[in-house]
Structures are given as structure tokens and as C-alpha cells.
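Peer 1:
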Amino acid sequence: MSQNIRDFYHLHNDSTSVVVDCRHNQPVLSYFGNRLMTVNVSMLNQLDRHEAPASLPIEPTISLTPTIGESFLGHLGLEVHRSATQWSLSPLMAQANASQFNLELTSRCAVSDVEVTHQLKLDPDESVLCLWVTVGNLSDQATLFIDNCTATLPLPDYLTELEEVTGRWAYEFQTQRHAITRSAYVRENWTGRSSHHINPTLTLFEKTTSATHGSALGIHLGWSGNHQMRVESLADGRQILQAGELLRPGELELEPGAQYTSPPLYLCQSSQGQNGLTRQWHQVIRREFLAKQSPACTRRPVQLNTWEALYFGVDEPSVLALVDQAATLGIERFVLDDGWFFGRTDDRRALGDWAVDPKKFPNGLTPIIEACHEKGMEFGLWIEPEMVSQKSKLYETHPDWVLHHQGVPLNEARQQLVLDLSQPPVVSYLFDAISSLLSAHPIAYIKWDMNRDIHQAGNGEGRHAPHQQTRALYQLLHRLKKAFPEVSIENCASGGGRADLGILEYTSRVWPSDTNDALDRLRVQRGFQNLFPPELMGSHVGPSPCHITGRQHSMAFRAGVAFWGHMGVETDVRQLSDADHQVLSQAIALHKHHRKLIHGGSYQVVDRPAGEQAWMILAPDHSEALAALVMLETPSTPFPNRYRFIGLDAHRHYELKLVWPDDLRPLQTNHKEALTGTHWSGDWLMSVGLSLPILQPESLLIYHLKAV
Ligand code: DGJ
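Residue numbers for the sequence shown follow this note's numbering, so the first one is 26 and each next one is one higher.
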């Protein structure tokens, strides 16, 4: 039921308050932080500042979507037009719906015939707020163009640093932290996917915030297409943050009566450093995304993927041999990657022709799937639905189905073009092709890949397409999930090129990076897990030397790094030495033994000196934990600093075991033996810490703690 507009709204849960100030025509997110016991109008009035020199007598507010009618001189949050002279917009609040956790505020602009609805939803348990904007064209005659729609919030002035998530192919999720300056910091992603380079995640910190201490505000846009994020210092000294879709002219045109809804913007706040954000992001993702999927989709069997073992050389004999070997290692799911479909001998051809290649698999996929089942393994298959090769039957038949720029030659990347999903027949073709595969075979899992940026994004009607393309992709995934709710979908885009909470509604595993180099993976996995929980993180034991970096690592190190996510193997296991076979089998067995804890516990980073990395995964009741220590480089002192554990129960005692690697160097063996037979108090382990053995560079130790 709608209500009259109040001066302010106070959403809250036990730990968090959100104050939306409505005293000045448009809603302002005045506060999002630790729980406030009292909020009143006098306190809010005190936030209004005196007239600044050379400024308007009343400072324009930083509303949830500042418009040109609000006299706001920063980057606008909402811009529309109908013609060269119809660009004015000045909505006034007209309606409200509020409850303890939810707020919906509707505003209307009589001049432009536009309705704007701001929606806010506070998580009932965590300091996580989701907000989104709906813009409606109220005219019954004229179309409306939305030129920009970015949710906007004032930033508290104590947040002085920002950390971006950046990277490249095979080295994603790298974090870079820098000071906020007196200008605008802008990230614009035009790649048509959420991208390797500009992941839609940003974190703001106090100068002194660390992994474990200090204030932090995390931002994530749940969108898999083009996006923008902006931190701007206004001339008057205030700071704003904006995030939303990134649009080209004409991309968003609303017919009379039509509406646009922005992607959700998630905010998470913590006064316990990055770990406080991480803990809450993981909780919300587990509850709101993963728990809503069928349990079959969120099981995490250890898998073997054929890519770095066979590449395009997959055929019945080699795949059957790999299936045999996989079973001896304890693999539980076998995934046939690229190369299995009609004419796919290399990456120059065949995308779009989603039928089994009779030359490579004369008996179809059935013998492979049966062999997997006989050995107790599920079967999974790779596809790349959004793409087409020029050398394919699909392109020969439908050359007009691709995204393109009029008058410009087609631009291939990885020798492939992008299908135009805004054309309904294209989506029907894909739905039918994928449905036929899933109906004809017991396929438990698909790896959905997307291997290029979208450089030429014009669609069949000549419009710039990324908005429609992204929505159509979501609809296709939604239809497939409805038709095949038990099939788990992995989200891959040349590695981590599309890792975001938009696509996570339909997928249940992320392939964070194509690199299986254990050393590089440590930094990728750390950045990835700032937002995503470990069970979402595909993490494979690759070959040595690594095919991408050429680095060589022991099996113990490679397996010890892959242990921490949704574990898999991606090397030619037919070629393993007996020793490596044994080490890998042991790591897989250890992972299975602790899988429930790894995939359900609380992942927390432990602060360590430069050149080292450490983290723990703790059971919710603190009764059990796993802890890792990695030596990345040659240490500058003979012994590492003591390991001060975090998150344990100070009043309980723990049994502490070194569980990995199995094969220790002599000094480490002494260390392992010295741990046995003692019970360690939680306060000792957290305050005094554990003396560590001498460690070589590029090696890791895994401890298990159990309360007694
Ligand atoms: C890119 C993916 O990230 C790889 O894992 C592999 O599936 C290839 N595509 C196959 O073409």
C-alpha cells in the first residue's frame, strides 16, 4: 500500500542502518553503515551545509539519480531526451512504500512525462544493500531515449582510498589500490561482457583499512554487459559514487508506456576490513543465489576437464583413455571441453554447428558417457552458444545473424563472430540446439564459454545492441534453466571475463582464469574470493610446465593450490608419473574429506609479510578450520614469522595437524611431529601464534584445526 512521503526512511537490521533522506524532493542515501539507534529530522537537518562561497544558496542534494532539473553540477545520474529540445527532467517524489528492509519511492516529472522508481532492499542479516532504478515513459505518444542511468550515492569523507579489480586474460582479479583525488576516477567497460580488465567491483577504504581492520565499502554491479563506475570529487568537496550500465546513443529507447529497469547495484559495508566484506558477500551469495538453485546444480564433484590435456585433439579413443585414468585418481565428473562438435578441428571453424563430430566420435557421445557412468563419474560438455565461425553451416545459412557495423568489414576475434541475440530466431535456434543435446544425452553439467569481446555491436535493426544482447542472454539462460533445472552451468568467458552477480542467477560455477599456473592462480584466487565464495571458484591442477607461463611447479604445490576451490584436474593424466599420480590422488582424497568445510566455511585472509600469502576457512561455529600458508618468493629471513590464526574461539582448545604436503622435507617433519599430542588454546594460537618451519619459495602448507 502506498504511503505519503516522510522526511526520511530508516531501514535497519540488527547490525546495519540505511537512512534515506526525502526532505528535498528527491531521495538521498544519506547513510549506510553500523546500526543507529536513533535518527530524527533535527539530526538530518544538521547535515545540510551553509552556503559555500561562489555557490548556490542551497546546496543541491546528491540524490539517488541526480537529474539536470536538480541543478546538480556533477556527472548526472539520470539523463533522457525525446528530441533536441526535450531533455529537461525534474522528477518529484509522489509515492512511497516502506517496510523494515524495503523501500520503494516513485517520482514523476510532469514536464517530461517520466516516472522514476528507486528501490532499496536491505539484507535481513548482513550489511548488504541492493538498489535499482526503474524509468517509465508515461507518454502515450512519444518514445523516450534513456541516455544514462547510474545509481548515485554520496561517499563518506573518511573513505579516501579505492581498490579496483582489474587484470587481463589469464591474470584476472588483480587488485589495485590508490588514493581518491580531487578529480573523477572513471571506469568504462565497452567489451560487451563484464570483462577481464574492468570487473564491475570496486571497494572503498579508509587509509588504514587492512584485511582484518578498518572501514570498507564494497560495490558490485550485477550486470554482464557494458558498465560504468565513477568516483568523483565535486567542486564543493563532496564525493560521489556512481554505477550503472554504459549506453551508446539510441541503445535504450522506450516506447510509450514502456519501462527500463537498471541492473542491481549491491553495496556492502564493514568495519572489520576486507574480511568483513568478504564474509558478508559470501553469505549473501550463498543464500540469495546458490541456495535458490536446484541442489543438483550446486554439488561440487571433483572434475577432470579435457582442455589442457587434449585441446582440439579429442576423439573416442583418447577420451576413453582419459576417462579410465581419471577414475583411478578419484575424479567424479568428466568434462569434454572444446573440439567435440561437427568439423571443429581448430579454433578457425565450426562454432554454431552443435552436433557431435562423426569423424572424431563415430559412435556419438554415448560410449563416452556410458564409460563415465560405469566408473562412477558424471558427464559434462563445453559449448559456446553466443558465437559463430564464418566457416560453419550456421553462418553459411544465416550470414545476417551476426552483430556488425554497417559499412565496416566484419571484425573477427579468435576467428569468430558474435550472434545477434536480439533477433528472436537466433535465440530459438540456440535454445533448440542446446535442448536437443541435453535431451539426447544425460549431461549433468555444461561449461558455457564466451571467448571474445564485442567490438561491432550493431544488431539487425541497426541499433547498438549490448543492452538487448545481455538481456537476451539472461532470458535464454533462464529458459534453459527452467527446462533443465538439474543441469549445472559453469560460467566461463576466456576465463574470468564475465564474473558478476548478473549471470550468477543462472550459473553455479565460475572459471576465474585460463591460467593453471599455481603461483599466478594464488593472486587470481585471492582477488576472486574477495567477492565470490570458494565453492564457486573452478580451480584446476594443470600441467607442469604450465602451458601459459612456462613455469614448473611440483604436483604438491599445484594440487595444494587447486584444493581450495571447486577442485578439478586439467592435465593429461595418462602421462603422470607414478609419484605424481599418488600425490594427486592424495590431494583429491584430502579435498573430498574437507569439502564440506571448504565449500561452506568462512574464508578469511590472514595478514602476512610481503612475499607470503595466508588464509583460513572456518566452520561457522569455530569448531574446525583449515589454514594455508604460501611462500611466494625466497624469504628474507630463515624462518617465517609466526602464524597468528584468526577467527578461532579464544576459550576453546584445538588439535592442530599439518595435513599438506604429505611428503615433507626433514625439518618440516620435525615440525609436524612437534604438533602431535598437544592441545592448543584458541587464544594462544591467535595471540602468540605458531612457529613455522623453514619453507622453500613456491611451496605451501595446509593445517587442519579441530576443537577438542
Ligand atoms: C576458453 C576457456 O577459458 C578454456 O578453458 C577453454 O574452454 C577454451 N576456451 C576452449 O576453446
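All C-beta atoms in this analysis are idealised placements derived from N, C-alpha and C, irrespective of residue type, glycine included.
Owing to the predicted nature of the structure, the values given are computational and were not obtained by experimental measurement.
Taking C-alpha atoms, which residue in Pro288, Leu259, Asn38 and Gly485 lies nearest to Leu272?
Peer 2: Closest by alpha carbon: Pro288.
Peer 1: Whose C-beta lies closer than 8 Å to the C-beta of Asn173 among residues of the same chain, with five residues either side of it excluded?
Peer 2: Excluding sequence neighbours, Asn173 sits near Leu101, Gly102, Leu103, Glu104, Gly269 and Leu272.
Peer 1: Would you report the Cα separation of Val339 and Thr303, rounded to the nearest angstrom?
Peer 2: The straight-line gap from Cα to Cα measures roughly 39 Å.
Peer 1: Classify Met641 as buried or exposed, calling it buried when 16 or more other Cβ atoms lie within 10 Å of its own Cβ.
Peer 2: With 16 or more other Cβ atoms within 10 Å, it is buried.
Peer 1: Return the bridge partner residues of Trp589 from the DSSP annotation.
Peer 2: Partner(s): none; Trp589 has no beta bridge.
Peer 1: Do His492 and Gly483 have their CB atoms nearer than 8 Å?
Peer 2: No, Cβ-Cβ distance for His492 and Gly483 is not below 8 Å.
Peer 1: Going by DSSP in three states, Ile393 sits in which element: helix, strand or coil?
Peer 2: Here Ile393 sits in helix by DSSP.
Peer 1: Would you tell me roughly how many angstroms separate the C-alpha atoms of Asn162 and Gln144, rounded to the nearest one?
Peer 2: Whole-angstrom Cα-Cα distance: 18 Å.
Peer 1: Short of 8 Å in beta carbon distance, which residues of its chain neighbour Ala352, apart from the five on each side in sequence? Order them along the chain.
Peer 2: Correct list, in chain order: Lys400, Gly401 and Met402.
Peer 1: Taking Cβ positions, are Leu681 and Leu700 nearer each other than 8 Å?
Peer 2: Going by C-beta atoms, Leu681 is nearer than 8 Å to Leu700.
Peer 1: Using a Cβ-based criterion (distance less than 7 Å to any ligand heavy atom), does Asp363 qualify as near ligand 1?
Peer 2: Result yes, Cβ under 7 Å from ligand 1.
Peer 1: Near Phe314, what residues of its chain come up, given a Cβ to Cβ distance below 6 Å and the 5 sequence neighbours on each side ignored?
Peer 2: Cβ neighbours of Phe314 beyond the five flanking positions: Leu529.
Peer 1: Measure the C-alpha to C-alpha separation of Trp365 and Leu290 and round it to an integer number of angstroms.
Peer 2: Each residue's Cα considered, the two are about 39 Å apart.
Peer 1: Alpha carbon to alpha carbon, how far is Phe97 from Glu189?
Peer 2: Their Cα atoms are separated by approximately 27 Å.
Peer 1: Please report the distance separating the alpha-carbon of Ile356 from that of Ser235.
Peer 2: Looking at the two C-alpha atoms, the distance is approximately 38 Å.
Peer 1: Give me the Cβ distance between Gly563 and Arg534, rounded to the nearest whole Å; I'm assuming they're in contact under 8 Å.
Peer 2: With 8 Å as the limit, Gly563 and Arg534 qualify as a contact, their Cβ atoms being about 6 Å apart.
Peer 1: Apart from the five residues on each side of it in sequence, which residues of its chain come closer than 6 Å, Cβ to Cβ, to Ser648?
Peer 2: Only Ala732 meet the Cβ criterion.
Peer 1: For Ser519, verify whether its CB is less than 7 Å away from any heavy atom of ligand 1.
Peer 2: Yes - ligand 1 has a heavy atom lying nearer than 7 Å to the Cβ of Ser519.
Peer 1: Within 10 angstroms of the Cβ of His503, are there 16 or more other Cβ atoms? Answer buried if so, exposed if not.
Peer 2: Exposed: under 16 other Cβ atoms inside 10 Å.
Peer 1: If we count the other Cβ atoms within 10 Å of its Cβ and call it buried at 16 or more, is Tyr183 buried or exposed?
Peer 2: Tyr183 is exposed by the Cβ-count criterion.
Peer 1: May I ask you to check if the CB of Trp536 is nearer than 7 Å to at least one heavy atom of ligand 1?
Peer 2: Under cutoff, so the answer is yes.
Peer 1: Are at least three pairs of beta-carbons, each pair with one atom in the region 201-214 and one in the region 251-259, less than 8 Å apart?
Peer 2: Yes, since at least three Cβ pairs between the region 201-214 and the region 251-259 fall closer than 8 Å, the two stretches touch.
Peer 1: Looking only at its own chain, which residues have a Cβ that is under 7 Å from the Cβ of Asp632, when we skip the five neighbours before and after it?
Peer 2: Same-chain partners within the cutoff: Ser235, Ala236 and Thr237.
Peer 1: If you drop the 5 nearest sequence neighbours on each side, which residues of the same chain put their C-beta closer than 8 Å to that of Val427?
Peer 2: Excluding positions up to five away in sequence, the list reads Val413, Tyr420, Leu435, Leu442, Val443, Leu444 and Asp445.
Peer 1: Buried or exposed for Met62, going by 16 or more other Cβ atoms inside 10 Å?
Peer 2: When all chains shown are included, Met62 counts as exposed.
Peer 1: Considering Trp709, what are the terminal residues of the alpha helix (DSSP H) in which it resides?
Peer 2: Unbroken alpha helix (DSSP H) run through Trp709: Gly707 to Ser712.
Peer 1: Fully enclosed by the region 139-168, which beta strand (DSSP E) runs are 3 residues long or longer?
Peer 2: With a minimum length of 3 residues, the continuous beta strand (DSSP E) runs that stay inside the region 139-168 are 139-147 and 153-162.
Peer 1: How far does the alpha helix (DSSP H) with Ile83 in it extend, from its first residue to its last?
Peer 2: Careful: Ile83 lies outside any alpha helix (DSSP H) and carries neither H nor E.
Peer 1: Here's the rule: buried if 16 or more other CB atoms are within 10 angstroms of the residue's CB, otherwise exposed. What is Asp165?
Peer 2: Answer is exposed; the Cβ neighbour count stays below 16.
Peer 1: At the level of alpha carbons, what is the spacing between Val309 and Gln125?
Peer 2: Approximately 18 Å, taken between the alpha carbons.
Peer 1: May I ask you to report which of helix, strand or coil DSSP gives Gly521?
Peer 2: Residue state, collapsed to three classes: strand.
Peer 1: Measuring straight from C-alpha to C-alpha, what distance separates Thr228 and Pro559?
Peer 2: Going by the C-alpha atoms only, they are around 19 Å apart.
Peer 1: Is Lys400 helix, strand or coil when you go by DSSP?
Peer 2: Three-state result, Lys400: coil.
Peer 1: Near Trp705, what residues of its chain come up, given a Cβ to Cβ distance below 6 Å and the 5 sequence neighbours on each side ignored?
Peer 2: For Trp705, where only same-chain residues beyond five positions count, the Cβ hits under 6 Å are Tyr679 and Leu681.
Peer 1: Compute the Euclidean distance between the alpha carbons of Phe588 and Leu526, then round it to the nearest angstrom.
Peer 2: Going by the C-alpha atoms only, they are around 24 Å apart.
Peer 1: Measuring from the CB of Asp474, is there a heavy atom of ligand 1 at a distance below 7 Å?
Peer 2: Correct: Asp474 has its Cβ closer than 7 Å to ligand 1.
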